[in-house]
Structure formats: structure tokens, C-alpha cells
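Residue numbers (the numbering used here), protein chains in the order written: chain U, 750 to 1528; chain R, 77 to 221.
Virtual Cβ for every residue (Gly too), placed ideally from N, Cα, C.
As the structure is a computational prediction, the values presented were derived from the model and not from experiment.
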Amino acid sequence: MATRWLGARIKRNEDPRLLTGHGLFVDDVQLPGMLHAAVLRSPHAHARLLRVDARRAAEHPEVVLVLTHADLPPALQQPLPKLIPHPTLRHHKTQYALAPDKVRHVGEPVAFVVATSRYAAEDALDLIEVEYEPLPAVVDLEEAAAGRPVLVHEDIGTNVAAHYVQRVGDYEAARARGHRVLARRFVVDRGCASPLETRGVVAHWDAKVRQLTVWDSTQAPIPIRNGLAALLGLPQRDVRVVAPDVGGGFGPKIMMFYPEEVLVPLAAMRLGRPVKWVEDRREHFVATNHERTQIHDAEIAVDEDGRILGVRTVFLHDAGAYIPYGLIVPIVAECTLPGPYRVPNYHAEFQAVFTNKTIVSPYRGAGRPHGVFVMERLLDLAARELGLDRAEIRRRNFIQPDQFPYDVGLIYQDNAPLVYDSGDYPAALERALEAVGYDRWPQEKARYRAEGRRVGLGFACYVEGSGIGPYEGCRVTVEPSGKVYVATGVGTQGQGHFTSLAQVVADALGVDVRDVHVVTGDTAAFGWGTGTFASRAAVVAGSAAHLAAQAVREKALQVAATLLEASPQDLELVDGQVRVRGAPSRSVSLGEVARAANPLRGVIPSEWEGPGLEATRYFAPPRGTFANGVHAALVEVDPETATIRFLRYVVVHDCGVVLNPLILDGQIHGGVAQGIGGSFFERLVYDEYGQLLSGSFLDFQIPTAMEIPEIEVHHLETPSPLNPLGAKGAGEGGVIPVPALLAQAIEDALDDLDLEVTQMPLHPDALFRLIRSAPRRPA
Amino acid sequence: MRIEGTHTLHAPRDRVWALLDDPQSLARCTPGMQELRPLGPEEFEAVLSIGIAAVRGTYKGKLRITERTPPERYAVQVEGTSGAGFVRAVGLLELVDRGPQTEVRWSGDVQVGGALTIGSRMIPGIARMLAGQFFQCLDEQLRNA
């Protein structure tokens, strides 16, 4: 092939459009006669709804519709669908479109108003009279697990939604053999994603053709389409869901269903007019899913050489008020914990617990940062206890490159065995240590100390499950213009699919990548798929694109062979032409081949399998593929103000075959930034009444360019044997090891103090208290 | 959250009590008070328009006197709601006899919800400011009487 696009650091096809303000985000959708919705949300974390009186709101001159629970059709009065069941999830409680008789978190929708403007709709919210009987709020996770002070869902008699145990080997026996057994409690607190674009939905009902079109900032337009069809009693073919440009997804934008995702379409159908709802930032803090609170009581048993004999964690997972997304986050946490290490005996046990807080579902990392934090902290403790170098203890425990496929012995989030497909963990660590200058660190640290500066070096290793099934599909079409059109079902929220998928197809067809136009996230363009989550789009949809493009290539050769009176084996695809190898003057353009493949008269040979230069293929991986990496950083701590500053940040990342290093660098940079924010600056603080106290950017401090260092990225490539591209997921690696790394760096910077970092995020006041309470180590 | 303060009024305790016991003067001196309607001897319905941090709103609520010991102390329970959220509070007011003057000690426990939580860190400061305005107004009434 003349040009090899795959793996090239090319600029993104979509950026000229996005950077010049020509993107189409949900709020850009403007339709004639469009109405605007606003949501009345509970100000209480836990209360009975005694009375909802919306009469005065309905009388507002600009209000056209007010919905309360009583106004909903029976299908929408039920709890919304259970997304991902699990045998141990005994109480799969899901949220309501509008609360029936009780509210269970601040921000839960109580009523829905549609008016001629958002301004009027919000004014009308004030006219709705709601009588609440406040109940004690379930806020503290341990108290909640014990059923105190009350139950979030009285009918189930407990606050524990699920209790799940996974075991590998025999931890108790390993513990008995342990030269050292170290136990600690680790706490990871709540966080949220803070995408640039909040959620939004626009719905348009065409009563003449009975078709519903919905623009939704979702990561999973096809499941939304299927679910809407079921809830609204429409055939799937008459519901079109478009996830247009989406300003950041990060996990919380896949839910099925957020209440507004059914209320807006319902209102549009009732009124026969388009309806728009766009979430404001204040709503986003309480009405879009959170993640992260887990309390791990963890233990490691090691022999005298620092080899891991076993690990145990018993943890609580805060599910929030409902658990639509099932047990994905805690399962991912426990399955990520063993990481790149041989853990022959492992006991992982958790309870998922209801609290009167916003619902928890995966957010970038999705439990992985928790698992890595626990494991890396345990290894740091063990190294310190044994007087062993922290890199050395890791070297002694790595799974070796010749041990793949490596069966960890657990069942992963896709219900398939957790089997690592490939990797070279020792190489990644050595590369990171070399890049950050670990060998000469003692001298450098002493130099900083002589200047009166406290600088620490931290590093952390992780394995990132990615690229899980069940499947994605792709259709590749060459039009008579010679342009190539690609459609897939995944949605795009900034990952560069318009470029990376185009690169895959351009290589197969020998065309310029700019002549390949990709459509994602529109059910009218492609109707089968599951969505963008778990770092899977490039791997799974990318592989489907590869298979479809290969099929189109074969057909192009067949059709061109007829046109050129040559054998397909003698033809090649170059620069948009099919030509005879060695005789480039004998050629035909791909566009002409496409025209010939769809004749007006004549015969189509049976081996063409139908007309046109087009193919649809699906890719269903047998199980997930596992990327890995090591981050290392220098962090300066100011012990007086308890602030931190990253001086250097090195990422060594192995996500198999790299499709586009520029896009991959961007993924990693964004991930590290979110990781730093979630490790030190961002906090979701609840008071004892279940009120979110940090629900604005005034108090929830996302990092700016001032807090994020320059990030040095090194790519290693261990191809995955599980897909034709050899690719692995890259969406979450940037964020996963940051809490573990920061904890180690802070301890290193303050090594004259007897101080252990066991909680994340570690905001300045927590660090301040830690420093003040730490006894000085004997010199 | 717990908030408290102390003010000195320039009148003997009996006169201060009489003024505090009079819904009309309370209504006149409460910043932002638009309506105060008695529902019974110990219960009032109030409409209040105030700004808390970035959130300005009109609150409709009830004020109930839960303890009344003339001329020493009374305790109140307040519940108010607006589009911006809700406020629930219990408060205690004590009058200390200082001869020609009266020392007023007040304290309260306040819970807020809804958008108000965004500015909840500001509430103690705002409460002290509003209390200052309230007692200054009462003091002026006492002096002018």
C-alpha cells in the first residue's frame, strides 16, 4: 500500500469543524416551534412526598405542559429499566422518571415543566407546591451498611443491595504462612466527571409519519433507541436517536435511562412539538451520576523476600440511592486490584450499599483507580516493612512476559474469565524508572532538600481491562464519487473516532484518510451496537471497521477484475485507484468500480453477494483485552500550606498497536488531568443531611493548566492477539494510577515524617491535618 | 450549622420583651419581611425576601414559638421554602437584664437544602449581618419611643 495511515500521527479529521464552531451539540439543535423544559428537583436527600400540587404552574401563561408522577403513562410510572443484572444483586432498585411517593437524593426529579422558554419553565417550577416530610438521611457508608439511621428502600429491609465474594486460592492459608501480614483501611471518596458539556435532550415527534427523533448527549444511542421504543410503545425503526457531537462523556453519560431521556420524548409526543432540555451545571452536580466512594479493609501477606503470598480486601461500595448500573464499578475495582502482579491467593468481598446520595455509575477508571490505589499502597507498605526498594518489590512480583495468556482466576465485568492477553510489565516499569531518573533520585532529592524543598518521586503500575464485548458493527460504503462512508453504532465524545476509524478503512482501501467520512452515534446510520464505554470503541468498533473494509476491498478487487480483464490477485488498491500490479496505466478509479458494482441493467455475479461496493461486518471479542502502564512523577509538597505541585510527569503506556499516537497522547493527557483533579483538588462533600455542599465550581475545584504539568508519554506496543488490529483500549489509563502515585510521592517528599496516605482524594486540608498529626521519624 | 451572636439594646428588659412580643414590630424590623400573618397565638406565616450568597429568593414559611418565658427567653422553629431551596432552623433568644440596657443573646441551628447549599458557607456571616440590622432597627424603635 502506498500510504500507511494506521499508526501515523495525523491531525484529526473532525478538528477543523469543531475548532471553528461548526460542531453540532445537543443545545445547537434548533427546531421551529421548539419548547423548553425544566425539572423540579428534590431539595431533600430523603423525604416522603405528601403532596405535589402543580395547578398554579399549569396556569402560567407560557406553560404548556406539567408532568408529575400521576400524569405519566403506566410504563413510565414503573422504576426505569434494570441495566446490568447480576446474580448477587438481590435488590436491583432503579430510579423513577418522576418520584412517586418518596425522594431518595437531592436532585431527584419530582415534576417536569414544558414552556415556551426555559426562563418561563424555570419560573413555573417555583409555582409547584410540594409538601415534603423530611426523613433522616443515610449518608455515612458504614452506618448505611448497618441499616442506620434508616433504610433508603424500606421494602427490602436492608441498605445492602448486593454482597459478592470472589476467591482465588486460599487466602487464609497464605496468611498463616506470611512472613509479614500488613492490614490497612483505604478510603476513596466521591468524585464526578465534570464534562464541558452537561447532559441534554431534544425530541421531535412527527405525528404524520409517527416517527420520533431524539438528539441525546448519550454514550449509547442504540440502547437508548431500543429502550425508548419499548417504553413508548413504538417500533424501533420509528425511533431515531442521534448522539451528535458530545462534549465529553467519561462514563456518566451512559445510563439508560436518566429521567429526562424519557420525559423529553414523552412531552414531545404529547404536545406534537419539539421539546428541548439542557442540564445546567448546578443540576449536573446532583442529577448526573457520580462515582468512587469505597472503603477497603485490605491486607497483604508476603514472604521474607517480599513475594506476595496473598491479598484480601473486604470493602463497602457506595451505590447512591439506586443501582441501575449494577455492580460494574465494585467488580472492576476488585478485578483491577491484582494488577500486573502474581497474586496466588486472593479474597475479594464487597457489599454495595444504598445511601441518600446521587446514583453511582462508572466514571473514567470505573473502580480501577480504587483497586490500583489499594494494591500499590499495600506493596509500598510491604516494601517499607521489609526494608526493600519499592521498585524491587514490584520486580519480584510481576507476571512475566512468557506467562501470557495469564488467568487471574476471577470473573470480570463482562462475565468472562479475567485472562490477561499480553503485556510486558517489567519493561514498562524499567522504561518509566529510566525516564524519571529513579537511579539518581536519592542524590537529586538530597539536592532539593538542601534548597529547603520537599520533592518526592512516586510511581504506580496498573493493568487496564478494556475492549470488552459483546460486539460492535460497521458498514463501509464506497460511493460512485470515490468517497468512502463509514457508519458504526458507537457514540463519540471527543475520542477522535472520525479519524482513527478512517485510518483503519483508508489503509484497507488505499484511499486518502480525508476521503473517508465516518458517522457515529446515529441509529438511522447504523442500528446495531451497544455503546462507547470501558475503553472499547477503537478496539471493538475499530476491528469491525477493519473487517468491513477488508470485505469491501475484496469486492472492489473482484469487480475491478471484470472491468480490467485481469485476475483479482494481480490488482492493487492505490491512491483511490484499482490498478494492475506492474502496469499502473491499466487502472480504474474506486468510484467507477462502485458504479460498476451497482449496474442499472445486466447481471450481478453471485460471488459479489449483492450490489454496491459495500459491506457490513461485526466484531465480537471472546473477552476483554488488557492494556497496562506505569506512571512516574516528581511532586513538590509545601508542608506549610499543604499544597502540591507536579514538577515532572512521565507516562509509559502499552495499549497494543497504536492507531494514532496524537489521539492517544490526547487521551492520556486528559486522563492524567482528570486523575490529578480527582486525587487532590475535586471533592464532593456531603453534610449530615445529605446535602451536597460543594456543588459548584466555586468549591469543586477542577484543575486548570496551572495545576497540570507537561506530560511526557512513552508508548510500548504489545499487540493483543484478540482482535485483528492488535489494539487495546486507551481511554482510562491516564487516570487509573494517579491516586496511588500521588500517595507514594507525598510519602517520599515527607519521609522525615511518620505519615501514611490511605485516603483519596487528598485535598489540601486533609494533607495539612496529616502533616500536623504526623510524628517526626527518628533521623 | 450553628450560629450565634450578642447585641445590646438601650432599654430595660420589660420594654425589649414587649417589643419582641409584638408581631408588628417584628415584621417591621426583620430584613426582607414582606408579610407576617398570625395563624394562632404561637404560630405565624411569613413571606421573606432575602439574598443568601449568590442566591436571592422569596421564602414562604412558618414560624412557631416553641417556648416562651417572659421576659427572659423564647425559642422558635422556622421552616421556609423557595425556588432556591429550603431553610429549617431552630433559634433561641435570651434577654439578660442590664438595668437601663438589655443584652440579647441569640443562637440558632440552621439546615439548608437546594441551591442554597452552594452558598451555605456564607450563611453564618449573612445571618450575623441580618441579625445586626434587625437589632439595630429594634434599638431605634426603643430610643424613639
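- Residues of the region 166–194 of chain R with a Cβ closer than 9 Å to any Cβ of chain U, in chain order: Gln187, Val188, Gly189, Gly190, Ala191, Leu192, Thr193 and Ile194.
- Residues Ser966 and Gln1242 of the same chain have their beta carbon placed closer than 6 Å to that of U/Val995, with the five preceding and five following residues left out of the count.
- Against chain U, the CB of R/Thr157 has a partner CB under 9 Å away; the residue lies at that interface.
- Counting along the chain, U/Ile1108 sits inside no beta strand (DSSP E), nor does DSSP assign it H or E at all.
- Looking at the DSSP output, U/Lys851 shares a beta bridge with U/Arg797.
- With the criterion set as a beta carbon lying under 7 Å from some beta carbon of chain R, the members of the region 1003–1037 of chain U are Arg1031, in sequence order.
- Apart from sequence neighbours up to five positions away, no residue of its chain approaches U/Leu767 with a beta-carbon distance below 6 Å.
- Along the region 774–808 of chain U, the positions whose C-beta sits under 7 Å from a C-beta of chain R are Pro792 and His793, read in chain order.
- DSSP places U/Ile1160 within a strand segment (E or B) once states are collapsed to three.
- According to DSSP, residue pairing for U/Cys1210 in a beta bridge involves U/Val1379.
- Residue contact with chain R for U/Val859: absent (no Cβ-Cβ distance below 9 Å to any residue of chain R).
- The Cβ atoms of R/Ile126 and R/Leu214 do not sit closer than 9 Å to each other.
- Listed as beta-bridge partners of R/Gly137 by DSSP are R/Ala122 and R/Gly156.
- For U/Val1121, the enclosing alpha helix (DSSP H) stretches over residues Arg1117 to Leu1135.
- Against R/Gly161, the close residues of chain U are Pro792, in the order they occur along the chain (beta-carbon pairs closer than 7 Å).
- Ranking U/Val863, U/Gly1361, U/Asp1173 and U/Asn1472 by CA distance to the CA of U/Pro1371 puts U/Asn1472 first.
- DSSP places U/Gln1450 outside any alpha helix (DSSP H), giving it a letter other than H or E.
- Distance from the Cα of U/Val1024 is smallest, within the candidate group U/Val963, U/Val1212, U/Gly1218 and U/Gly856, for U/Val963.
- In this structure, DSSP gives U/Glu891 a helical state, which the three-state scheme calls helix.
- Inclusion of U/Ala1070 and U/Thr1037 in the CB contact set at 9 Å is not warranted, their separation being larger than that value.
- It is roughly 16 Å from the alpha-carbon of U/Arg790 to the alpha-carbon of U/Tyr868.
- Contact check for U/Asp872 against U/His809 passes: the beta carbons are separated by less than 9 Å.
- Across the region 100–134 of chain R, no CB contact with chain U closer than 8 Å is found for any residue.
- R/Arg164 has a beta carbon lying within less than 9 Å of a beta carbon in chain U.
- Beta-carbon to beta-carbon, U/Ser1249 and U/Ala1287 are separated by about 6 Å, close enough to satisfy the 8 Å threshold.
- The three-state secondary structure of R/Thr178, taken from DSSP, is strand.
- In this structure, U/His1066 lies near U/Val1109, with their beta-carbon atoms less than 9 Å apart.
- Taking the beta carbon of U/Gly1444 as reference, the chain R residues within 8 Å of it are Thr193 and Ile194, listed in sequence order.
- Within chain R, no C-beta atom comes less than 9 Å from the C-beta of U/Asp1514; the nearest is roughly 13 Å away.
- Inside the region 1258–1329 of chain U, DSSP marks whole alpha helix (DSSP H) runs of 4 or more residues at positions 1291–1313, from first to last along the chain.
- If you check the CB distance, R/Trp182 and R/Leu192 do not come in under 9 Å.
- For the 9 Å CB-CB criterion, U/Val1013 and U/Val1063 do not form a contact.
- Per the coordinates, the alpha-carbon of U/His953 lies some 56 Å from the alpha-carbon of U/Glu1496.
- Less than 9 Å separates the beta-carbon of U/Leu1474 from that of U/Ser1292.
- Per the DSSP secondary-structure output, U/Ile1393 pairs in a beta bridge with U/Val1386.
- Ranked by Cα distance from U/Gln968, the first of U/Glu1040, U/Gln1244, U/Leu1159 and U/Pro858 is U/Gln1244.
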